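K.L.:
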Ligand SMILES: [Zn+2]
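Numbering (the working numbering), first residue to last: 14 to 503.
Here it is, written out as structure tokens:
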């Protein structure tokens, strides 16, 4: 190349990069214009770091989550935030979801028989026949659409195993893998995570999880689930388990706040074809914060730091107020336990939901979930006498499991994203005549009269109902290890 040619090329390159820089700056300016339309400004990284470090960490919090690892998680999250805020809308993943890496299923190749795969897929994880649009079952393998954008060519091939009982790689252990437990300690060596549902405190109203009539102190679901969690913890420890609370205060686990989702909410609404209005943006960014963002954050901590053998998700059910202006307590109270499953047609169409459903099937968590949940349902009903909640046989979002009226499969973000077997409790109706009164009475020893009937505290009933079931299930499944014979050589 001659000297003048080199000069010419250099000049062209300078002009081109200048144009790129101009375009980039222009886009940045446009993006910040978009952000300015949203009322709440994004806190700067510095502000965020300062407010995080000024929060006091309690001893319980330190014990709940190993500190360095949690710090790493937060750091990772904060550094990842820029990427997410500039996210592109992807119509094929769920809210705040990311396109899955299907190669992560490679470790489960030839680990499940065709029969087991088909049974779990059709009797637990799906409702109806729409799964056929996404999954093709052949004699020796299944083909699963990886990317809905390109469903013809882009399929994941899962080869079936010829025999059952192939060892699977996963962090949680079933009773068989845990082995016999010492007398009186049926949960010995187990790691149990407790996820007190929702947040409570100043966020309860935003979560639509506070209930009050006649100017009473509000009942906040995020607070009473935490109360039950704190009562369960020492009792489970007494039985030999290592117990970790995913949340042990009324603060979100999510380091972000609604304002952090302003841009993501905008991108999401625009992507769905809406002209984002201020109320719609606010509703969505709030939901991204307290539900999608919060549950995803808990899942990250659960699956990477706690890695439990079993997760207990604690909730109290509620019934919608007939007339929100004139709140009346209802007569109904009921109970059910949710297991992961019953992915809806809409969920199957999302790449990330489809991927997690496959992962759930392949890690075989259902058997454990069904076993533990059935035992807890039995003991819980024996104490509370609650009738079963019924979604109905025709429900397209829930299905009854093993003919047990108390066990329903339903896909919720928590029981989907938590990798271990999950017992998702939905007892009581917070705004029912009897449960509301019991919740207002708080915790107490012995029995007190509730609407003419002597009842224990609702918190003790909740706790004991779960403990009895867990003791029953693990004693039976693990068996008891004989105390070692005293050595004759001293
Ligand atoms: Zn709840």
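Note that the Cβ used here is the ideal one computed from N, Cα and C, for glycine as well.
All values reported here derive from a predicted model rather than from experimental measurement.
#1: As a quick exercise: from 365, 120, 442 and 148, pick the residue whose alpha carbon is nearest that of residue 179.
#2: Just mark residue 467 as buried or exposed, buried being the case when its beta carbon has 16 or more other beta carbons within 10 Å.
#3: What separation, rounded to the nearest whole angstrom, lies between the Cα atoms of residue 279 and residue 256?
#4: Whole angstroms are fine: how far does the CA of residue 441 sit from the CA of residue 399?
#5: In whole angstroms, give me the CA-to-CA distance for residue 109 and residue 303.
#6: Using beta-carbon positions only, say whether residue 379 and residue 137 come within less than 8 Å of one another.
#7: Evaluate residue 181 with the Cβ neighbour count: other Cβ atoms within 10 Å of its Cβ, from every protein chain shown; 16 or more gives buried, anything less gives exposed.
#8: Can you give me the C-alpha to C-alpha distance between residue 349 and residue 254, rounded to a whole angstrom?
#9: One question on the structure: do residue 224 and residue 449 come within less than 8 Å of each other, judged by their Cβ atoms?
#10: I need the straight-line Cα distance from residue 186 to residue 322, nearest angstrom please.
#11: The alpha helix (DSSP H) that contains residue 321, what's its start and end?
#12: Grouping DSSP H, G and I as helix and E and B as strand, with all else coil, what is residue 427?
#13: Measure the alpha-carbon distance for residue 502 versus residue 495 and round it to whole angstroms.
#14: If you check the beta carbons only, do residue 140 and residue 320 fall under 8 Å apart?
#15: When we look at the beta-carbon of residue 159 and count the other beta-carbons within 10 Å, is it buried (16 or more) or exposed?
#16: Using only CA atoms, which one of 389, 261 and 365 lies nearest to residue 103?
#17: Between the segment 204–218 and the segment 257–264, do at least 3 Cβ pairs fall closer than 8 Å?
#18: Count the other CB atoms within 10 Å of the CB of residue 176; is the residue buried (16 or more) or exposed (fewer)?
#19: Ordered along the chain, which non-local residues of its own chain (more than five positions away) have a Cβ less than 6 Å from that of residue 236?
#20: Is the beta carbon of residue 392 less than 8 Å from the beta carbon of residue 485?
#21: Is the segment 447–461 touching the segment 407–424, taking contact as three or more C-beta pairs under 8 Å?
#22: Comparing C-alpha positions only, which one of 173, 147 and 242 sits nearest to residue 161?
#23: For residue 379, name the three-state secondary structure that DSSP assigns.
#24: Of the choices 325, 375, 439 and 282, whose alpha-carbon is the least far from that of residue 101?
#25: Are residue 331 and residue 424 closer than 8 Å when you measure CB to CB?
#26: Hey, residue 353 and residue 401: beta-carbon distance below 8 Å or not?
#27: Is any non-hydrogen atom of ligand 1 found closer than 7 Å to the C-beta of residue 211, if you look at the structure I gave you?
#28: With distances taken between CB atoms, is the gap from residue 215 to residue 266 smaller than 8 Å?
#29: Output needed for residue 226: all residues of its chain with C-beta closer than 7 Å, excluding positions within five of it in sequence on either side, in chain order.
#30: Would you tell me roughly how many angstroms separate the C-alpha atoms of residue 220 and residue 300, rounded to the nearest one?
#31: Below 8 Å on the Cβ atoms is my guess for residue 386 versus residue 420; work out the distance and round it to an integer in Å.
#32: Locate the beta strand (DSSP E) running through residue 255, then write down its first and last residues.
#33: Would you list the one or two residues that DSSP bridges to residue 343?
#34: Given this structure, state the Cα-to-Cα distance separating residue 157 from residue 345, to the nearest angstrom.
#35: So is residue 370 buried or exposed if we call it buried at 16+ other beta carbons inside 10 Å?
#36: Roughly how far, in whole angstroms, is the beta-carbon of residue 504 from the beta-carbon of residue 487, given that I think they are within contact range, below 8 Å?
P.N.:
With the structure as the only source:
#1: The sequence position of residue 179 within the chain shown is 166, counting from 1. Here the closest residue by C-alpha is 120.
#2: Within the chain shown, the letter at position 454 stands for residue 467. So residue 467 ends up on the exposed side.
#3: If you number the chain shown from 1, residue 279 lands on position 266. If you number the chain shown from 1, residue 256 lands on position 243. The straight-line gap from Cα to Cα measures roughly 39 Å.
#4: Position 386 of the chain shown, counted from the start, is the residue given in the question as residue 399. Position 428 of the chain shown, counted from the start, is the residue given in the question as residue 441. Between the alpha carbons of residue 399 and residue 441 lies a distance of about 8 Å.
#5: In the chain shown, the residue the question calls residue 109 occupies position 96. In the chain shown, the residue the question calls residue 303 occupies position 290. For the pair residue 109 and residue 303, the Cα-to-Cα distance works out to about 12 Å.
#6: By one-based count along the chain shown, residue 379 stands at place 366. By one-based count along the chain shown, residue 137 stands at place 124. Contact: yes.
#7: Position 168 of the chain shown, counting from 1, holds the residue named residue 181. By the neighbour-count rule (16 or more Cβ atoms within 10 Å), residue 181 is not buried but exposed.
#8: Within the chain shown, the letter at position 336 stands for residue 349. Within the chain shown, the letter at position 241 stands for residue 254. Distance between the alpha carbons of residue 349 and residue 254 is about 25 Å.
#9: Looking up residue 224 in the chain shown gives position 211. Looking up residue 449 in the chain shown gives position 436. Their beta carbons are under 8 Å apart, which means residue 224 touches residue 449 by this criterion.
#10: For the purposes of this step, residue 186 is taken as residue 173 along the chain shown, with counting starting at 1. For the purposes of this step, residue 322 is taken as residue 309 along the chain shown, with counting starting at 1. Computed Cα separation, rounded: 5 Å.
#11: Here residue 321 is taken as the residue at index 308 of the chain shown, counted from 1. Premise fails: residue 321 is in no alpha helix (DSSP H) and is neither H nor E.
#12: Mapped onto the chain shown, residue 427 falls at position 414. Three-state result, residue 427: helix.
#13: Translated into positions along the chain shown, residue 502 becomes position 489. Translated into positions along the chain shown, residue 495 becomes position 482. Residue placement at residue 502 cannot be trusted, given a pLDDT of 46 that sits under 50; what the coordinates show is reported in the next sentence. About 20 Å.
#14: The residue given as residue 140 occupies position 127 in the chain shown. The residue given as residue 320 occupies position 307 in the chain shown. The answer is no: Cβ separation not under 8 Å.
#15: Mapped onto the chain shown, residue 159 falls at position 146. So residue 159 counts as buried.
#16: For the purposes of this step, residue 103 is identified with residue 90 of the chain shown, where counting begins at 1. Cα-wise, what sits closest to residue 103 is 365.
#17: Per the Cβ contact rule, the segment 204–218 is in contact with the segment 257–264 (3 or more Cβ pairs under 8 Å).
#18: Position 163 of the chain shown, counting from 1, holds the residue named residue 176. Label assigned to residue 176: exposed.
#19: The residue given as residue 236 occupies position 223 in the chain shown. Answer for residue 236: 213, listed in chain order.
#20: Residue numbering aside, residue 392 sits at position 379 when the chain shown is read from its first letter. Residue numbering aside, residue 485 sits at position 472 when the chain shown is read from its first letter. Contact flag set, yes.
#21: Touching, no, given that fewer than three Cβ pairs across the two stretches are closer than 8 Å.
#22: As a working note, residue 161 is residue 148 in the chain shown. Of the candidates 173, 147 and 242, the one whose C-alpha sits nearest the C-alpha of residue 161 is 147.
#23: Along the chain shown, read from residue 1 onward, the residue named residue 379 stands at position 366. Under the three-state reduction of DSSP, residue 379 is assigned to helix.
#24: If you number the chain shown from 1, residue 101 lands on position 88. Looking at the Cα atoms, 282 is the closest of the given residues.
#25: Looking up residue 331 in the chain shown gives position 318. Looking up residue 424 in the chain shown gives position 411. Going by beta carbons, residue 331 and residue 424 fall outside the 8 Å limit.
#26: The sequence position of residue 353 within the chain shown is 340, counting from 1. The sequence position of residue 401 within the chain shown is 388, counting from 1. Between residue 353 and residue 401, the CB-CB gap reaches or exceeds 8 Å.
#27: One-based indexing of the chain shown puts residue 211 at position 198. Within the cutoff, so yes.
#28: Counting from 1 along the chain shown, the entry for residue 215 is found at position 202. Counting from 1 along the chain shown, the entry for residue 266 is found at position 253. Not a contact, by the Cβ cut-off of 8 Å.
#29: Position 213 of the chain shown, counted from the first residue, corresponds to residue 226. If we look at residue 226 and ignore the five residues flanking it on each side, its Cβ neighbours are 340 and 342.
#30: Start at 1 with the first residue of the chain shown, and residue 220 comes out as number 207. Start at 1 with the first residue of the chain shown, and residue 300 comes out as number 287. Their Cα atoms are separated by approximately 8 Å.
#31: The sequence position of residue 386 within the chain shown is 373, counting from 1. The sequence position of residue 420 within the chain shown is 407, counting from 1. Taking a contact as a CB-CB distance under 8 Å, the pair residue 386 and residue 420 counts as one, their CB atoms being some 6 Å apart.
#32: As a position in the chain shown, residue 255 is number 242, starting the count at 1. From DSSP, the beta strand (DSSP E) with residue 255 extends over 255–258.
#33: Locating residue 343 in the chain shown gives position 330, counting from the first residue. BP columns for residue 343 point to 445.
#34: Numbered from 1 along the chain shown, position 144 holds the residue referred to as residue 157. Numbered from 1 along the chain shown, position 332 holds the residue referred to as residue 345. When rounded, the distance between both Cα atoms is 43 Å.
#35: What you label residue 370 is simply residue 357 of the chain shown in a count that begins at 1. Around the beta carbon of residue 370, 16 or more other beta carbons sit within 10 angstroms, so the residue counts as buried.
#36: Missing from the structure shown is residue 504; the chain here goes from 14 to 503 and no further.
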